[in-house]
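First comes the structure, then the notes that go with it.
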Amino acid sequence: MSKELHIALYSEPETEGSFHWALVVGDIAKKVVLYQIRMDESWKLAHRTDGVQLRSSRLFKSSVRLGPLLRSVEETKTLIEAESPTQDGTEVLWIYSSSGRGWSCSQWVLRVLEHLVEQGYIEGGRIGIDPSRDWKGNFWINVIGKGKEAAGMESRSTTL
């Protein structure tokens with residue numbers, strides 16, 4: 001399996017211009033492992049480790065390539081699967097709190113990415129992740145921008 005890490009963006013039919021975020025490990029042209037949370041009365045893990053073809057979903061809009069994993073796929077899987085689906089004291093991004101929204105799939109992905117960088121699983125500086133600074137707002141805006149560029153077009157992959 002490829003050691004590439006991506007953010008997959010899916011359209012949210014009930015909220016125009018909004019995206020569901022998931023982390024993906026693998027070659028997006030093939031079957032990948034998908035890590036995500038979903039709201040089902042409460043936030044729950046909804047990982048797909050059986051191999052998912054992203055382009056088979058009509059809601060899939062784009063993926064943002066984050067780069068290669070610096071550790072094994074198995075070690076990465078263990079770290080991500082240990083992440084709680086709930087907020088658990090994680091500060092919500094200012095964009096969300098100022099609009100009255102709370103915990104979400106994008107907030108979960110940002111927290112997981114921060115942990116992956118802090119523990120040496122991915123190189124954060126190259127993609128704008130620096131846990132010692134306030135990086136989440138700009139990163140979120142960049143990812144949403146990539147998704148909006150791809151919305152209405154054929155699904156494609158971009159790089160931060």
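Numbers 1 to 160, taken from full-length UniProt numbering, label the letters of the sequence shown in order.
Quick reminder that beta carbons are idealized off the backbone N, C-alpha and C, glycines included.
Note that the structure is a prediction, hence the values are computed from the model and not measured.
DSSP on residue i, reduced to helix/strand/coil?
{"i": "histidine 6", "result": "strand"}
{"i": "arginine 58", "result": "coil"}
{"i": "alanine 82", "result": "coil"}
{"i": "tryptophan 108", "result": "helix"}
{"i": "methionine 1", "result": "coil"}
{"i": "tryptophan 140", "result": "helix"}
{"i": "isoleucine 129", "result": "coil"}
Would residue i and residue j qualify as a contact pair, given that the criterion is a beta-carbon distance under 8 Å?
{"i": "valine 112", "j": "glutamate 83", "result": "yes"}
{"i": "tyrosine 121", "j": "leucine 59", "result": "no"}
{"i": "serine 106", "j": "tryptophan 140", "result": "yes"}
{"i": "valine 32", "j": "leucine 5", "result": "no"}
Residue i to residue j, Cα distance in whole Å?
{"i": "leucine 93", "j": "isoleucine 144", "result": "14 Å"}
{"i": "valine 117", "j": "arginine 101", "result": "26 Å"}
{"i": "glutamate 12", "j": "glutamine 87", "result": "21 Å"}
{"i": "isoleucine 7", "j": "glycine 67", "result": "10 Å"}
Please name the residue or residues paired with residue i in a DSSP beta bridge.
{"i": "lysine 44", "result": "Arg38"}
{"i": "glutamine 119", "result": "Per DSSP, none; premise fails for glutamine 119."}
{"i": "glutamine 53", "result": "Lys31"}
{"i": "leucine 23", "result": "Ile7, Tyr35"}
Original post:
If you pair each beta-carbon of the segment 133-147 with each one of the segment 47-59, do three or more pairs fall below 8 Å?
Top reply: no
Subject >> the segment 7-24 contacting the segment 58-67, beta-carbon criterion three pairs below 8 Å >> reply: yes
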